[in-house]
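Working notes, beginning with the structure itself.
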């Protein structure tokens with residue numbers, strides 16, 4: 142009975158570990174520097190800024 | 009039913025390897041540690057599953073795995089040199105037939121230790137190997153721990169699954185291995201990602217560590233007790249709350265002693281009073297014989313050369329009867345006894361060259377793990393914090409093994425060679441990501457500068 146319990150617990154956990162590993166993409170491929178150096182976030186702006194020059198009739202709204 | 013379940017488990021393990029070939033490496037680790045073919049009496053006992061798992065692991069890596077990151081490290085070179093030298097001593101062995109029997113499993117264990125680091129390309133693979141080694145060993149440890157807690161056990165009588173005395177099923181070897189994995193269990197609890205820390209993980213790990221500590225009690229192997237003491241001492245070296253942990257350890261000893269069986273306490277008493285103990289006297293005798301042998305045969309006598317050993321000694325015991333103390337002396341002659349020490353096993357079997365290679369292998373492991381610890385201990389980022397503690401855990405496991413090796417002949421124990429393979433894999437992996445991390449900031453800082 143003790144033998145069965147020891148085998149069941151250890152093999153159950155081994156099976157669960159194998160299943161979880163099967164579903165993890167980072168088992169085979171690890172992106173370089175993953176998480177070690179976080180990517181910098183782009184600076185936030187308060188609102189959109191339009192920088193291009195606008196000519197009347199170019200936008201097609203008076204066509 | 010048990011036979012069917014074990015066969016099904018191994019078959020499923022091999023089948024899922026077709027999806028992820030690295031799982032075959034884990035399958036080999038499991039088969040080599042648990043040896044289900046020993047427990048089973050049906051199909052498994054008739055199949056060469058160890059060979060099948062190794063072939064699958066090797067061919068899977070050769071045909072399907074990415075090998076760009078694979079590097080041949082210095083310690084793999086030492087392992088290869090040791091393999092070649094053992095091949096030579098087997099060829100020139102004093103007992104060729106018996107030496108060939110031991111060579112049959114030693115070369116496999118050495119080849120796998122050389123091969124394992126090639127497959128450890130990602131952090132998850134390193135963790136997976138540590139996890140599978142611990143869980144596979146836990147099958148034997150939980151069984152032994154439960155039987156000890158239930159009042160079973162005794163020197164050479166703790167029966168784990170079956171009547172067997174090979175590999176990890178031998179009491180002294182299991183107690184050394186059980187104590188050596190405790191630091192790895194603690195690392196897995198804190199940094200594991202396959203089973204992230206929660207109450208179930210804490211519960212299982214706590215129970216497993218308790219079972220590990222019970223193995224020296226159940227097997228009454230003095231080696232295990234010495235290993236446990238050494239582990240506690242070395243654990244304090246890198247622990248953060250030294251006084252608290254030392255106090256907890258002292259309390260645990262005070263609480264545990266009254267519950268220990270009388271036979272265990274009596275046997276542990278012979279560590280101090282070894283003159284009256286035949287087993288301890290045999291060791292000293294065999295070690296003396298080995299030293300004499302290797303001085304005459306510096307290249308070693310090949311595997312199981314201890315069969316030619318002859319040991320003579322006197323045991324001295326003080327017996328007090330009715331207030332008067334009597335000294336009893338007995339003359340003992342023994343032949344063909346085991347080395348009872350990995351150091352003398354290497355000296356006798358492989359001579360000075362083999363011993364030198366083996367010691368170099370162990371020392372470079374300790375040094376490399378220390379270097380990793382020092383280099384990485386200040387890196388506390390979410391994906392870096394795991395490194396230094398793993399190096400400490402692997403170093404502690406090796407220290408425990410080296411202390412246990414003083415009293416047990418486990419120089420080529422496959423489990424320990426796997427640990428060495430894991431150390432090599434970690435070393436090689438960190439070398440690679442160190443180079444990558446040196447390159448990454450250059451790429452990532454540039455856009456920030458551009459925006460300012």
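Residue numbers (the working numbering), protein chains in the order written: chain A, 142 to 204; chain B, 9 to 460.
Glycine included, every Cβ here is placed at the ideal spot set by N, Cα and C.
This structure is a prediction, so every number in the text was calculated from the model and none was measured.
Three-state secondary structure (DSSP) of residue i
i                      : result
residue 339 of chain B : strand
residue 5 of chain B   : As displayed, chain B neither begins before 9 nor continues past 460, which places residue 5 of chain B out of reach and without an answer.
residue 25 of chain B  : coil
residue 177 of chain A : Note that residue 177 of chain A scores 41 on pLDDT, short of 50, meaning its location in the model is unreliable and no value can be drawn from it.
residue 334 of chain B : strand
residue 168 of chain B : strand
residue 392 of chain B : coil
residue 13 of chain B  : helix
residue 461 of chain B : The question about residue 461 of chain B has no answer here: the residues shown for chain B are numbered 9 through 460.
residue 406 of chain B : helix
residue 345 of chain B : coil
residue 418 of chain B : coil
residue 307 of chain B : coil
residue 291 of chain B : helix
residue 172 of chain A : coil
residue 136 of chain B : helix
residue 204 of chain B : coil
residue 300 of chain B : helix
residue 413 of chain B : coil
residue 102 of chain B : coil
Extent of the continuous alpha helix (DSSP H) run through residue i
i                      : result
residue 351 of chain B : 350–384
residue 161 of chain A : 143–163
residue 245 of chain B : 230–246
residue 249 of chain B : Residue 249 of chain B -> no alpha helix (DSSP H), and no H or E assigned at all.
residue 44 of chain B  : 44–47
residue 60 of chain B  : 57–72
residue 75 of chain B  : Segment: none, residue 75 of chain B is in no alpha helix (DSSP H) and carries neither H nor E.
residue 81 of chain B  : First-last for residue 81 of chain B: undefined, no H or E at that position.
residue 218 of chain B : 207–227
residue 192 of chain B : 190–199
residue 53 of chain B  : 51–54
Member of the options whose CA lies at the smallest distance from the CA of residue i
i                      : options                    : result
residue 321 of chain B : B:330, B:339, B:307        : B:339
residue 204 of chain B : A:147, A:161, A:166, A:150 : A:161
residue 231 of chain B : B:197, B:356, B:181, B:434 : B:181
residue 95 of chain B  : B:309, B:422, B:376        : B:309
residue 68 of chain B  : B:156, B:120, B:32         : B:32
residue 142 of chain A : B:150, B:142, B:420, B:42  : B:150
residue 226 of chain B : B:83, B:152, B:407, B:145  : B:152
residue 144 of chain B : A:166, A:155, A:167        : A:155
residue 228 of chain B : B:183, B:256, B:237        : B:183
residue 114 of chain B : B:93, B:335, B:138         : B:93
residue 174 of chain B : B:429, B:420, B:430, B:85  : B:420
residue 398 of chain B : B:371, B:331, B:316, B:438 : B:438
residue 215 of chain B : B:249, B:170, B:245, B:157 : B:157
residue 85 of chain B  : B:366, B:375, B:390        : B:366
residue 342 of chain B : B:288, B:246, B:146, B:47  : B:288
residue 141 of chain B : B:333, B:35, B:351         : B:35
residue 373 of chain B : B:436, B:334, B:331        : B:436
residue 346 of chain B : B:106, B:428, B:443, B:317 : B:317
C-beta atoms of residue i and residue j nearer than 8 Å
i                      : j                      : result
residue 197 of chain B : residue 213 of chain B : yes
residue 411 of chain B : residue 418 of chain B : no
residue 298 of chain B : residue 355 of chain B : yes
residue 195 of chain B : residue 63 of chain B  : no
residue 395 of chain B : residue 387 of chain B : yes
residue 39 of chain B  : residue 71 of chain B  : no
residue 21 of chain B  : residue 159 of chain A : yes
residue 319 of chain B : residue 290 of chain B : yes
residue 176 of chain B : residue 41 of chain B  : yes
residue 265 of chain B : residue 103 of chain B : no
residue 14 of chain B  : residue 52 of chain B  : yes
residue 407 of chain B : residue 238 of chain B : yes
Residue range of the unbroken beta strand (DSSP E) whose run includes residue i
i                      : result
residue 462 of chain B : Within the shown structure, residues of chain B are numbered from 9 to 460, placing residue 462 of chain B beyond reach of any answer.
Cross-chain neighbours of residue i in chain C, by beta carbon under 8 Å
i                      : result
residue 130 of chain B : Here the protein chains are A and B, and chain C is not one of them.
Cβ-based burial, residue i [other Cβ within 10 Å; buried from 16]
i                      : result
residue 19 of chain B  : exposed
residue 348 of chain B : buried
residue 152 of chain A : buried
residue 314 of chain B : buried
residue 97 of chain B  : buried
residue 377 of chain B : buried
residue 431 of chain B : buried
residue 337 of chain B : exposed
residue 371 of chain B : exposed
residue 170 of chain B : exposed
residue 49 of chain B  : exposed
The ligand FMN heavy atom lying under 7 Å from the CB of residue i
i                      : result
residue 375 of chain B : By its list of ligands, the structure shown contains no ligand whatsoever, and the ligand FMN lies outside what it can speak to.
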